[in-house]
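These notes are about the structure you will find just below.
2 protein chains.
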Amino acid sequence: VVSNRGPLSFSLDDEGNLTSSRGGGGLVSSLSPLVRGTGATWIAAAITDADRQAADEGLIEADGFRVRSLAVDPALFRMAYDVVSNSTLWFLNHGLFDLARRPRLGRRWWEAWEGYRKVNRRFAETVAEHAEEGATVLVQDYHLFLVGAWLAQQRPDLRAVHFTHTPFTGPEDLRVLPSSVAEELLVGMTGHVACGFHARRWAANFEECCREVLGFTPRSFVSPISPDRDEIVATAQSEDCGRELERLEVLLGGRQLIARVDRIELSKNLLRGFHAFDDLLATRPEWRDKVVFAAFLYPSREALPEYLGYRQEVESLARYVNDRWATPGWQPVVLDTSDNYCRSVAALTRYDVLLVNPVRDGLNLVAKEGALVNRRHGVVALSREAGVWDELGATALELNPFDVAGTSDVLAGALAMPPDEREAHASALRKLAEARAPSSWLDDQLRQADADADAVDGGGGVPVVG
Amino acid sequence: VVSNRGPLSFSLDDEGNLTSSRGGGGLVSSLSPLVRGTGATWIAAAITDADRQAADEGLIEADGFRVRSLAVDPALFRMAYDVVSNSTLWFLNHGLFDLARRPRLGRRWWEAWEGYRKVNRRFAETVAEHAEEGATVLVQDYHLFLVGAWLAQQRPDLRAVHFTHTPFTGPEDLRVLPSSVAEELLVGMTGHVACGFHARRWAANFEECCREVLGFTPRSFVSPISPDRDEIVATAQSEDCGRELERLEVLLGGRQLIARVDRIELSKNLLRGFHAFDDLLATRPEWRDKVVFAAFLYPSREALPEYLGYRQEVESLARYVNDRWATPGWQPVVLDTSDNYCRSVAALTRYDVLLVNPVRDGLNLVAKEGALVNRRHGVVALSREAGVWDELGATALELNPFDVAGTSDVLAGALAMPPDEREAHASALRKLAEARAPSSWLDDQLRQADADADAVDGGGGVPVVG
Chain R
1 VVSNRGPLSF SLDDEGNLTS SRGGGGLVSS LSPLVRGTGA TWIAAAITDA
51 DRQAADEGLI EADGFRVRSL AVDPALFRMA YDVVSNSTLW FLNHGLFDLA
101 RRPRLGRRWW EAWEGYRKVN RRFAETVAEH AEEGATVLVQ DYHLFLVGAW
151 LAQQRPDLRA VHFTHTPFTG PEDLRVLPSS VAEELLVGMT GHVACGFHAR
201 RWAANFEECC REVLGFTPRS FVSPISPDRD EIVATAQSED CGRELERLEV
251 LLGGRQLIAR VDRIELSKNL LRGFHAFDDL LATRPEWRDK VVFAAFLYPS
301 REALPEYLGY RQEVESLARY VNDRWATPGW QPVVLDTSDN YCRSVAALTR
351 YDVLLVNPVR DGLNLVAKEG ALVNRRHGVV ALSREAGVWD ELGATALELN
401 PFDVAGTSDV LAGALAMPPD EREAHASALR KLAEARAPSS WLDDQLRQAD
451 ADADAVDGGG GVPVVG
Chain Y
1001 VVSNRGPLSF SLDDEGNLTS SRGGGGLVSS LSPLVRGTGA TWIAAAITDA
1051 DRQAADEGLI EADGFRVRSL AVDPALFRMA YDVVSNSTLW FLNHGLFDLA
1101 RRPRLGRRWW EAWEGYRKVN RRFAETVAEH AEEGATVLVQ DYHLFLVGAW
1151 LAQQRPDLRA VHFTHTPFTG PEDLRVLPSS VAEELLVGMT GHVACGFHAR
1201 RWAANFEECC REVLGFTPRS FVSPISPDRD EIVATAQSED CGRELERLEV
1251 LLGGRQLIAR VDRIELSKNL LRGFHAFDDL LATRPEWRDK VVFAAFLYPS
1301 REALPEYLGY RQEVESLARY VNDRWATPGW QPVVLDTSDN YCRSVAALTR
1351 YDVLLVNPVR DGLNLVAKEG ALVNRRHGVV ALSREAGVWD ELGATALELN
1401 PFDVAGTSDV LAGALAMPPD EREAHASALR KLAEARAPSS WLDDQLRQAD
1451 ADADAVDGGG GVPVVG
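So the protein lines, in turn, are chains R and Y.
Residue numbers are given in this note's numbering: position 188 of the first sequence equals residue 188, and the series is strictly consecutive.
Quick note: to get this note's numbering, add 1000 to the position in the second sequence (first position is 1).
What follows is the structure, encoded as structure tokens:
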């Protein structure tokens, strides 16, 4: 397994000794339980000083797999990570550029692009150095698009599969990147045996980009990840979550709950969510004092000014809605930005309506997690722009995330849904969320790597004529 | 001819009598000379009070064609024009939305959308009422996407062709609109016999949108408009332009000139143009005091806050570049926002490099006009995102409009181009700009209308299977 962040995050204790704890991030928490006990090697960047010290000490055994941290020059890493991965590739693939102003590809950007190339090459070299003959290599996400092409040259015996956890842009928006950069990214990706995505749309976009820019159709596959049902249900039943739920009930005072659980992230569409709730209270007075909108939001990427500014907008809009509608006994919006996983899970067990309205989202695990642990026959209002729409769209209530009036109408409809309809909705949704085993996602990647071994004569991509 | 703005703009003199003058806007100035003397009827909205008074008085003869102004309720018109046409359809088709924040389709937007539908219906009714049996109707631009479908019901004898002067978005970005709205727009457009665009890319996007949303391929055609060579050359040779050129020469003091002529418009990419010039001066000191960047910019759509804000950013960035680099004898950036057509034409005769770097542009006439009147063997640096790239791309220097470092490099290369290469460039460019007669664009629309009459048995759109 190769990913930007590793499964362990290291720190130094008071005596200067290395200690390790579980790493953060959605990818890591999804992957770790699947890799546990497999004896795999996990290669990831050393980010902090402690990480780098651990990297110097080489391999670390953990949870039945081995971790190899890769020391990268910190300045180089920041450029690759902040400027290219998070400010360019993330924005591109989520359609978040304000094109009249951003991106502005100046000299510093081109330096960062060189940094991204170097970091990718360092990863590829580390894999090439340590992978056993014929090993399967699972390369994760947009930080590491270029690993496959370099590996294919240096270690043609390896079978590398890439998986992208974000959306993937279409050929029209790809034109934002300089031609040489777009081409190198796609060549890098198609250097892998196959490229996987969480939804059909992202795979189709990737294929179209390759056809237009490279002139051939790459091998792609679709494999949405699933949360571990047993684990999240156990969390929901824990004492900690029980206490959080009690606190939440006091806050709600018997009112209905519209909940959302998200990072503070431009793609999550937090502003229009509050606007829609504001519209609901304005246009349907019967819901005033009858419903609370609780948003559990985790601060994210605060090294980037776009995210700091966005957080301020979000907080000020939440205050605006409260200033406008609150009564002595009722606070319409509860905005919680503390890092409290149990509180979020408690909210998922308790919502009457779960709002998942991203502008664009690779998958969105929260929608599935909610469907699995909710105990109120809650309704899920889901953006058609989330990858998980592929799986839950048959049952979830459809949102166009840009349509604030439409979102308000859907929320009102969900709040007023009759109990039997609600029950049918929630149980259909739970079935859809349970349909795929958590291991299917890892199995699909392994199968893609094997499929190539079977088809060695046939070659990888299918050339397109014309 | 049916268009939002008419060929005449009316005002009231001191005694309250109606007087008329030529209307503004690129579409009107391109179309008017072509329609002159044809005896056609031109239907357009009455915008000002004087316009509405003229509308009340019915038909007006002018320049060998008739003008029928169409009174529309001013509030309704503003909603349709400002909110739907200019803040939604313009932004959508130019890819200008900052999607984390805009568009925000609230109740007011939906009202405006009803306004857009009503205004389109009013246009269709006026055409239906006045068009002769079997007449050809040329419907212009994104303000009037829906006219064709209503006309097809009310007056199936008419042959209506639509022409879009902006880019057209692809299916991925079209998803920003609510499904019902996207569908109604495409149904409205495909109600015309055929839909025309300035460039292949926009026609291809339109076809893809129709295939994805409506399930069939519409009839589309590509017909870039051309400026009238003789007219603009005559203007360039006029005394007024001569005086402006003299003033410009004094300002330049023998230095090279990078020029641009644009509306103050987010799609024109004014900010990155100044950033690229700033980078040029920073990275190539040999050009300091040797070149002036003159930007002739016309204020536009100042009723929309986005445009006011953008103008301030543009002006402050121009000041920043001057503050950074100016010397007692040299002002690096000259920013002129006065409405002086002759001064712009004089600049087009005098540029050494013409910068045309839009983020996205339906066509861009300035690039062709420059090639036609320039007297210095000037070089055109052209965004590959402009529709005119189809025609001039073989010779113009290619810009990726988002790549500030790349734009600076292209500008530097253009300034340093040897005289013989420069001459070959300019004369090849002139030939390309002269390749199409100004009448070809009108002829293509008329031919499309006729082609349908020939192919009545075959029907319009080609259904797609699957």
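Glycine is no exception: its CB is placed at the ideal position from the N, C-alpha and C atoms.
R:VAL314 is the residue among R:ASP289, R:VAL314, R:THR283, R:VAL292 whose C-alpha sits nearest the C-alpha of TYR298 (chain R).
VAL1314 (chain Y) does not reach chain R, its nearest Cβ partner there being about 10 Å away, counting only Cβ pairs nearer than 8 Å. Within its own chain, the residues whose Cβ lies closer than 6 Å to the Cβ of ALA433 (chain R), once the five positions on either side in sequence are excluded, are LYS368, ALA371, LEU372, listed in chain order. Residue contact check for TRP110 (chain R) against chain Y: a CB pair falls below 8 Å. At a cut-off of 8 Å between beta-carbon atoms, GLY26 (chain R) makes no contact with chain Y. Assigned with DSSP and collapsed to three states, ARG101 (chain R) falls in coil, not helix or strand. Taking a contact to require three or more Cβ pairs closer than 8 Å, the stretch 345 to 364 of chain R and the stretch 227 to 244 of chain R qualify as touching. Per DSSP, the beta-bridge partners of GLY196 (chain R) are R:PHE163, R:PHE221.
Counting the other CB atoms within 10 Å of its CB gives LEU1446 (chain Y) a total below 16, which places it among the exposed residues. Counted as a single uninterrupted DSSP element, the stretch harbouring GLN331 (chain R) is not any alpha helix (DSSP H), since DSSP gives it neither H nor E. Within its own chain, the residues whose Cβ lies closer than 7 Å to the Cβ of VAL1233 (chain Y), once the five positions on either side in sequence are excluded, are LEU1372, VAL1373, listed in chain order. Within the stretch 1273 to 1286 of chain Y, HIS1275, ASP1279, THR1283 place their CB atoms closer than 8 Å to a CB of chain R, listed in sequence order. Contact holds between the stretch 254 to 263 of chain R and the stretch 351 to 358 of chain R, because three or more Cβ pairs, one in each stretch, are under 8 Å apart. Spanning the alpha carbons of GLY215 (chain R) and PHE1168 (chain Y) requires a straight line of approximately 24 Å. Within the same chain, and ignoring the five residues on either side of THR1166 (chain Y) in sequence, the residues whose Cβ sits closer than 6 Å to its Cβ are ASN1093, TYR1142, GLY1362. In chain Y, no part has a C-beta under 8 Å from the C-beta of PHE206 (chain R); the shortest such distance is about 13 Å. For ASP1443 (chain Y), no chain R residue has a C-beta closer than 9 Å to its own C-beta; the minimum C-beta separation is roughly 30 Å. Taking a beta-carbon distance threshold of 8 Å, VAL139 (chain R) does not count as an interface residue toward chain Y. When secondary structure is reduced to three states using DSSP, GLU1398 (chain Y) falls in the strand class.
A buried status is given to ASN1269 (chain Y), since no fewer than 16 other beta-carbon atoms sit within 10 Å of its beta-carbon. The straight-line gap separating the alpha-carbon atoms of SER1032 (chain Y) and PRO1007 (chain Y) is approximately 6 Å. Between ALA1295 (chain Y) and the set Y:VAL1176, Y:ASP1289, Y:GLN1331, Y:ALA1282, the nearest pair of CA atoms involves Y:GLN1331. Interface flag for PRO1178 (chain Y) against chain R is set, since a Cβ pair is found closer than 8 Å. Beta bridge pairing from DSSP links ILE60 (chain R) with R:VAL67. Along the stretch 413 to 443 of chain R, the alpha helix (DSSP H) occurs as fully enclosed runs of 4 or more residues at 419 to 434, listed in sequence order. Under the 8 Å criterion on CB atoms, PRO305 (chain R) is classed as non-interfacial with respect to chain Y. PHE1123 (chain Y) is not a Cβ neighbour of VAL1321 (chain Y), given a cutoff of 8 Å.
Using a CB distance below 7 Å, the part of the stretch 401 to 422 of chain R facing chain Y consists of PHE402, ASP403, VAL404, ALA405, GLY406, ordered along the chain. Using a Cβ-Cβ cut-off of 8 Å, LEU1317 (chain Y) does not count as an interface residue toward chain R, since no Cβ of chain R sits closer than that to its own. Listed along chain Y is no residue with a C-beta nearer than 8 Å to that of PRO74 (chain R); the closest approach is about 24 Å.
Pairing VAL213 (chain R) with ASP56 (chain R), the inter-Cα distance amounts to about 41 Å. Ranked by how close their Cα comes to the Cα of LEU89 (chain R), the residues R:TRP113, R:ALA71, R:TRP287 have R:TRP113 in first place. Among the residues of the stretch 154 to 170 of chain R, those with a Cβ less than 9 Å away from any Cβ of chain Y are THR169, GLY170, in the order of the chain.
Only those residues of the stretch 180 to 205 of chain R whose C-beta falls short of 8 Å from the nearest C-beta of chain Y are listed: ASN205. Spatial neighbours of TRP325 (chain R) in its own chain (CB-CB distance under 8 Å, excluding positions within 5 residues in sequence) are listed in chain order as ASP278, LEU281, ARG288, PRO332. Nearest in C-alpha terms to GLU244 (chain R), of all of R:ASP339, R:ALA128, R:ALA437, is R:ASP339.
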